[in-house]
Amino acid sequence: MNLLNYTLRIADSSLISAQRLSEWCSKGPTLEEDIALSNISLDLFGQANGFLEYASEIDGSKSADDFAFKRNEREFYNLKITEQENGHFGDTIARLFFCSAFNFLFYTELSKSKDETLSALAAKSLKEVKYHLKHSKSWMIRLGDGTEESKLKIQESLNSIWQFTGEFFEMDKIDIEISDSGIGVNNTSLKEEWNKIVNDTLDQAKLTRPEDMYMQTGSKKGLHTECLGHLLSEMQYLPRAYPDAKW
Amino acid sequence: MQNGNTNKIWELLNTVPDPEIPAISVVELGVIRNVIFQENSFIISITPTYSGCPAVKAFQDDIKICLKENGIENFELKIVYSPAWTTDWMTEETKEKLRKYGISPPSEKAICPQCNSKSTTLVSEFGATACKSFHKCNDCLEPFEHFKCI
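Residue numbers (the numbering used here), protein chains in the order written: chain A, 1 to 247; chain B, 248 to 397.
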């Protein structure tokens, strides 16, 4: 049961990030960026699919699609940062950068998991996430060390998304149990490396690291911001309106 | 064709083109990991190039059609994730096919497939498919795609 929950947490963060990023498709600031964000979204959908298939295998009765399309808001365990709205391009880049830096460290550790499926999916995801980190990092630097306007905007973006970065390193009972058994990751131990990546990038981008502040929490219990419900209503519309529709 | 000859299966699979890069087959792409004959059925293990690659679904369908057209009904396709697909599995011969097709094959530095120039500029890490990045040649000025090393 705990392994199912743990797998769903990973799957949900990928799925919701993917759905959110896909909203950029056809609306990117340039053609190349449109393609880049859509490709990153596609990678994340693929990763979500792998983890949801595994969740389905553990569960034994629900399919991957059931998990994606037939759960309500309170039954999703994605990190709150992943559901935040795209805002302007800088807002999306700041969110993507923080998430990619975390995913990079998380999958590096998870690829050593004793659980063969989780370690295989993590090793696969890691290869893709490296590109996401490289891409979002280069944009952080370009925007921060760009024009006066771009610097102002990206600084505001990172100030406002910062409150959602605390959840990356939280450990609840399930995390501790799965991590202690050699299957899961000790998220707290990733904080130092994550800070290093973030500080190094912000230095290069000539941006200021936000002061420590109140950190959002709750997604591990299925508590979310108002953004998730709106996202799900669009993502789940078709299977909800036409149950069991086939192509 | 029910005698468990896996070589024949490999031969047939080698005729199935990659749906997005038809110059090479799914075998040459390296996505067919294994073919075994077990309990009267061929089990074909496939690994995706990228997790979300839409071609995975397409080439599964193409493989099914190809095998059925050749009278093989007793097979099963299985998706495997480990070891994760890598461009290292591509042979020199396959790389040459890609280059002739106009795609710069996987290498540290993207080389122009038109004029072989090493002086090229990255336009975008992300190209028309998940597996390619987008570049420009500084000598012949032609834009081109490069197969990313992963």
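Here a beta-carbon is modelled for each residue, glycine too, at the ideal position from N, C-alpha and C.
Residue span of the alpha helix (DSSP H) that contains residue i, given as start and end
i               : result
I93 of chain A  : 89–110
F51 of chain A  : 31–59
N159 of chain A : 148–161
E142 of chain A : Residue identity check: residue 142 of chain A is Arg in the sequence provided, not Glu. Note, R142 of chain A: alpha helix (DSSP H), 116–144.
F306 of chain B : 302–316
D180 of chain A : 173–180
A241 of chain A : 237–241
A68 of chain A  : 64–69
N254 of chain B : 253–260
R20 of chain A  : 2–22
Q216 of chain A : From DSSP, Q216 of chain A is part of no alpha helix (DSSP H); its letter is neither H nor E.
L231 of chain B : This structure gives no information on residue 231 of chain B, because the portion of chain B shown stretches from 248 to 397.
L254 of chain A : The structure shown has nothing for residue 254 of chain A, since chain A only spans 1 to 247.
E275 of chain B : 273–276
I197 of chain A : 191–205
When the options are compared against residue i, the one with the closest alpha-carbon
i               : options                        : result
S298 of chain B : A:K114, A:N199, A:K124         : A:K124
F381 of chain B : B:K304, B:F394, B:N317         : B:F394
C384 of chain B : B:S364, B:G374, B:S371         : B:S364
N86 of chain A  : A:H230, A:P239, A:F104, A:N199 : A:H230
I58 of chain A  : A:S111, A:I16, A:L118          : A:L118
E355 of chain B : B:A270, B:T333, B:C396, B:T296 : B:C396
Y237 of chain A : A:K70, A:N195, A:A122, A:M213  : A:K70
C227 of chain A : A:K27, A:S63, A:G50, A:Q84     : A:Q84
R280 of chain B : B:S288, B:T376, B:A331         : B:A331
E167 of chain A : A:E234, A:L96, A:Q204, A:L79   : A:L79
S22 of chain A  : A:D43, A:K62, A:T217, A:K134   : A:D43
G374 of chain B : A:E32, A:K62, A:N2, A:N49      : A:E32
T296 of chain B : A:A18, A:L3, A:S61, A:K127     : A:K127
K342 of chain B : B:K255, B:I271, B:F306         : B:I271
T201 of chain A : A:W247, A:I154, A:M235         : A:I154
I268 of chain B : B:Q285, B:D308, B:K347, B:W257 : B:K347
F51 of chain A  : A:R240, A:S100, A:E116         : A:E116
I326 of chain B : B:D309, B:V278, B:S366, B:K379 : B:V278
S113 of chain A : A:D145, A:D66, A:S179, A:T147  : A:S179
M213 of chain A : A:L158, A:D34, A:M235, A:N72   : A:L158
R20 of chain A  : A:E109, A:A241, A:I93, A:T30   : A:I93
T165 of chain A : A:K246, A:L152, A:L96          : A:L96
I35 of chain A  : B:P390, B:D386, B:A377         : B:A377
Contact list for residue i against chain B, beta-carbon separation under 9 Å
i               : result
E128 of chain A : Y297, S298, G299, A377, I397
Contact set between residue i and chain B, taken where Cβ atoms lie within less than 7 Å
i               : result
F106 of chain A : Ordered by position in chain B, no residue passes the 7 Å Cβ test against F106 of chain A, which lies about 15 Å from the chain.
D43 of chain A  : Y297, S298, G299, A377
L52 of chain A  : Per Cβ cutoff of 7 Å: no residues; L52 of chain A is ~12 Å from chain B at best.
N39 of chain A  : F373, A377
Residues that residue i contacts on chain B, provided the C-beta gap is smaller than 8 Å
i               : result
Q47 of chain A  : S298, G299
E32 of chain A  : V370, S371, F373, F381
K134 of chain A : E372
I141 of chain A : Here the premise fails: no neighbours, minimum Cβ distance about 14 Å.
S36 of chain A  : Sequence check: residue 36 of chain A is Ala here, not Ser. The answer, in chain order, is S371, E372, F373.
Nearest-angstrom beta carbon gap, residue j and residue i [assumed within contact, 8 Å]
i               : j               : result
L314 of chain B : L369 of chain B : The Cβ separation is near 40 Å, so there is no contact.
H132 of chain A : I197 of chain A : That pair is no contact at about 13 Å.
F169 of chain A : L190 of chain A : 7 Å
I350 of chain B : E392 of chain B : 5 Å
Y77 of chain A  : K220 of chain A : 6 Å
F322 of chain B : I291 of chain B : 6 Å
A273 of chain B : V263 of chain B : Residue identity differs from the one stated: residue 273 of chain B is Val in this sequence, not Ala. The Cβ separation is near 5 Å, so the contact holds.
A64 of chain A  : E53 of chain A  : 5 Å
A55 of chain A  : I141 of chain A : About 37 Å separates the two Cβ atoms, so there is no contact after all.
F289 of chain B : I256 of chain B : 5 Å
S249 of chain A : V129 of chain A : With chain A covering 1 to 247 only, the question about residue 249 of chain A has no answer from this structure.
R74 of chain A  : G222 of chain A : 4 Å
F306 of chain B : P266 of chain B : 6 Å
Limits of the unbroken beta strand (DSSP E) element including residue i
i               : result
P390 of chain B : 390–394
L324 of chain B : 322–326
S292 of chain B : 288–293
R280 of chain B : 279–285
Contact list for residue i against chain A, beta-carbon separation under 9 Å
i               : result
S329 of chain B : E116, T117, S119, A120, L121, A123, K124
Cutoff 8 Å: residue i Cβ touching any chain E Cβ
i               : result
Y131 of chain A : Looking for chain E here will not work: the only protein chains present are A and B.
Any non-hydrogen atom of the ligand PLP within 7 Å of residue i CB
i               : result
K255 of chain B : This structure lacks the ligand PLP, and indeed carries no ligand of any kind.
For this session: Just list the beta strand (DSSP E) runs in the region 354–393 of chain B, keeping only unbroken ones of 3 residues or longer that don't cross its boundaries, in chain order.
Result: Within the region 354–393 of chain B, the complete beta strand (DSSP E) segments at least 3 residues long are 367–371, 379–384, listed from N- to C-terminus.
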